[in-house]
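Each residue of the sequence shown is one higher than the one before, counting from 33 in the working numbering.
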Amino acid sequence: MEANDKIMDKLNYYLLMILCVFILGCTVDTSAIQANGELKFGRYIFTPPDGYWFFVKKYPANFKTKSDFFVVTFWESKEAVSREGLKGKETFFNFAVSSSVCQDYKSYYDEAGRLGVTYEHLPVEASALQSIDNWSCKQTDHGIFGIECVSLRKELVTFGIYGNEKGEVMAKIPVFKKMIESFKVQ
């Protein structure tokens with residue numbers, strides 16, 4: 033029973049992190065802005081899809097614990113930012129950074145599996161993502177269809193695209209790939 037409690041605690045933490053992805057940045061004193069060009073968070077620079085909406089967030093000076101993380105979500109419309117959940121064919125992109133103790137991708141996926149997160153091979157429609165150096169991309173399902181690409185650096189860096197409909201996510205793979213390929217470390 034105690035082992036199950038520990039697994040549930042880890043799973044609850046991970047689910048809380050995913051929930052934060054949906055509401056992160058939604059505070060009274062901030063308002064969403066529209067992406068237009070290159071953005072910088074800490075040492076990391078990339079270009080999100082033009083026209084998507086996000087909340088400006090301060091990047092932490094450092095990651096002190098294993099559970100520290102930073103997430104910015106890019107929504108298709110300003111209305112989607114403040115609404116709970118996705119409607120119809122909407123999609124959103126995430127950029128996330130977290131502390132990591134994983135030395136390789138296998139240990140990352142093994143740890144995610146222990147926390148109850150499942151990953152599958154990429155669908156054929158997303159095979160273009162396999163050619164991006166220093167990134168590992170897989171399909172996932174957090175209640176909605178998603179593709180996540182991770183890179184093991186000083187911290188664990190993740191880009192993701194998610195949506196209710198697999199076809200809509202797959203249609204945006206070229207935009208998603210371009211976003212990842214724009215990624216630079218200063």
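The beta-carbon is built from N, C-alpha and C at its ideal position, and this holds for glycine as well. In this text, all values refer to a predicted model and were calculated from it rather than measured experimentally.
| query | result |
| --- | --- |
| Roughly how many angstroms separate the alpha carbons of residue 216 and residue 78, rounded to a whole number? | 6 Å |
| On the criterion of 16 or more Cβ atoms from any shown chain inside 10 Å, does residue 123 qualify as buried, or is it exposed? | buried |
| Given a threshold of 16 other Cβ atoms within 10 Å of its Cβ, counted over all protein chains shown, does residue 59 qualify as buried or as exposed? | With a pLDDT of only 40 at residue 59, under the threshold of 50, the placement of this residue in the model should not be trusted; the figure read from the coordinates follows. So residue 59 counts as exposed. |
| Nearest to residue 223 by alpha carbon, out of 118, 145, 67 and 115? | For residue 223 there is no data in the structure shown, the boundaries of the chain being 33 and 218. |
| Determine the burial state of residue 44: buried for a count of at least 16 other Cβ atoms within 10 Å of its Cβ, exposed for fewer. | Bear in mind that a pLDDT of 39 at residue 44, under 50, signals an unreliable position, so the number given afterwards is only what the model happens to contain. Residue 44 is exposed by the Cβ-count criterion. |
| Let me know if residue 140 comes out buried or exposed under the rule of 16 or more other beta-carbons within 10 Å of its beta-carbon. | buried |
| Would you call the region 157 to 169 in contact with the region 100 to 116, where contact means no fewer than 3 C-beta pairs closer than 8 Å? | no |
| Apart from the five residues just before and just after residue 121, which ones in its own chain have a Cβ nearer than 6 Å to its Cβ? | 197 and 200 |
| Give the list of continuous alpha helix (DSSP H) stretches no shorter than 4 residues that lie fully inside the region 115 to 160. | 137 to 146 |
| Specify the secondary structure class of residue 195 as computed by DSSP and reduced to three states. | strand |
| Given residue 135, which residues of its chain have a CB within under 8 Å of its CB, disregarding the five upstream and five downstream residues? | 184 |
| I need the DSSP call for residue 51, collapsed to helix, strand or coil. | Reliability of the predicted coordinates at residue 51 is poor, the pLDDT of 39 falling under 50, and the value obtained from them is presented with this limitation in mind. Helix, per DSSP. |
| Let me know the secondary structure DSSP gives residue 168 once reduced to three states. | strand |
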